[in-house]
């Protein structure tokens, strides 16, 4: 059974070890025309573009799989860097993070022959950019190499509209002990609310749908 595995990203201090482990799994399992092992790349880290470039440059006879996210440990990472006296790995502003995310998208699409991408974003502009890149590089809507995903209960307007047009979509459904899930969901909500106007837009869409269903 061919199941895709997306390994989540963690804090800066342990991410290098995760990167190395996932790369070994990619080399072993990402054979052929489709990736099954993906590493999560946090684009609020200013050094992640160079990480992508290095992997593309050194790639052997296997496919690279990446799940692109902005990131959710911003304040924690900045505080750790300050306490331990090293340069913060986090972009200075949301604007820089957005630019980094979109730059990573453009770079990976320019090397799409050897790369599979999961775009894990509730940002409408970034999702529109993916559609532009797919059109630019003549990729079909249902290409196995490109997937969109949002959290269950968030970004449904993005997920459903993409699905309606025939794009590959997935919903992320967290499960596990409540004591672990609540902090995770709080971080995701904070990350989502940081997207300018995104929360207000979602509330507007929900109200509109409730009115439609009750009319």
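Numbering (my numbering), first residue to last: 110 to 324.
For every residue, glycine included, the Cβ atom is placed at its ideal position computed from N, Cα and C.
Who are the near neighbours of residue i in its chain, counting only those whose CB is closer than 6 angstroms to its CB and skipping five residues on each side?
i	result
residue 314	266
residue 268	259, 278
residue 143	253
residue 136	171
residue 134	146
Taking its Cβ as the centre, do 16 or more other Cβ atoms sit within 10 Å of residue i, making it buried, or is it exposed?
i	result
residue 218	buried
residue 264	buried
residue 276	buried
residue 224	buried
residue 215	exposed
residue 207	buried
residue 188	exposed
residue 124	buried
residue 257	buried
residue 318	exposed
residue 235	buried
residue 122	exposed
residue 323	exposed
Beta-carbon within less than 7 angstroms of residue i's beta-carbon, same chain only, minus the 5 sequence neighbours each way: which residues are those?
i	result
residue 212	158
residue 261	280, 281, 282
residue 167	none
residue 140	171
residue 238	211, 214
residue 164	173
residue 250	274, 275, 276
Hey, residue i and residue j: beta-carbon distance below 7 angstroms or not?
i	j	result
residue 151	residue 131	no
residue 149	residue 128	no
residue 199	residue 174	no
residue 182	residue 120	yes
residue 176	residue 240	no
residue 221	residue 246	yes
residue 180	residue 153	yes
Please name the residue or residues paired with residue i in a DSSP beta bridge.
i	result
residue 176	149, 227
residue 332	Any answer about residue 332 is impossible in this case: the structure gives the chain only from 110 up to 324.
Going by beta carbon distance, what residues of the same chain come within less than 8 angstroms of residue i, once the five residues before and after it are set aside?
i	result
residue 160	128, 150
residue 192	none
Length at least 3, wholly inside the segment 250 to 285: the beta strand (DSSP E) runs in chain order: Qualifying beta strand (DSSP E) stretches, in chain order: 255 to 260, 278 to 281.
Ranges of the alpha helix (DSSP H) found wholly within the segment 194 to 224, counting only runs of at least 4: Listed in chain order, they are 203 to 218.
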